[in-house]
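Comments concern the structure below.
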Amino acid sequence: MSLPFRVTDLLTDRGSCFTADAFEAACWRHEIEHRKTRPYTPKTNGMVERFDGRVQREMLGITIYSHQDLEILLAGFNLAYNGRRQRALKGLPPEMVLHQRLKDKPALVRAAAKEANPAALDCALKVVADTKEASQLDS
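Take 4 as the starting number for the sequence shown in the numbering used here and just add one per residue.
As structure tokens, then:
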């Protein structure tokens with residue numbers, strides 16, 4: 004899925020996947036300024052850390068059997084997450100904030116972006132139900 008906005012800056016930690024030459028080259032190719040947090044400062048990356056923690060709490064208890072199921076589950080999770088009201092966004096859902104920011108800065112809009120699949124949540128819930136059924140102990 005493409006993003007509905009143009010990425011101009013990227014802040015990451017110093018994980019090996021973000022310091023690899025190929026990653027740096029991709030950022031350069033797409034004209035993205037890549038900045039890295041200072042070492043051992045997870046507070047700087049707080050929003051990402053909070054999101055990752057939520058993913059761990061809500062999803063990692065589920066046994067996933069294929070990469071395709073993981074993709075479906077993550078798409079559904081993102082759809083549900085982006086529909087929730089967020090305290091950091093003054094109680095607004097991220098989608099609403101995104102639309103307002105793109106309206107305020109039309110230069111960041113990407114016309115070719117695909118909308119999120121509204122059926123993603125239903126597909127993800129089916130994967131969860133199938134997983135729970137498969138993980139039941141035989142009697």
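Even for Gly, the Cβ is constructed at its ideal location relative to N, Cα and C. In this text the structure is predicted, and so the values were computed from the model without any measurement.
- One alpha carbon belongs to Phe54, the other to Asn48, and they sit about 10 Å apart.
- Put simply, the backbone Cα of Asp107 is about 23 Å away from that of Leu82.
- Counting only residues of its own chain and dropping the five nearest sequence neighbours on each side, Gly86 has a CB closer than 6 Å to the CB of Pro96.
- DSSP, reduced to helix, strand and coil, places His37 within a strand of the structure shown.
- With fewer than three CB-CB distances shorter than 8 Å, the segment 66-81 does not count as touching the segment 27-45.
- DSSP places Leu101 in the uninterrupted alpha helix (DSSP H) bounded by 97-107.
- The distance from the Cβ of Val100 to that of Leu92 is about 5 Å, consistent with a contact at the 8 Å cut-off.
- The Cβ atoms of Val58 and Phe26 lie no closer than 9 Å to each other.
- Distances from the CA of Arg32 to each of Glu52, Pro109, Thr11 were compared; the closest alpha carbon is that of Thr11.
- For Cys126, the closest C-alpha among the options Thr44, Leu73, Arg104, His102 is that of Leu73.
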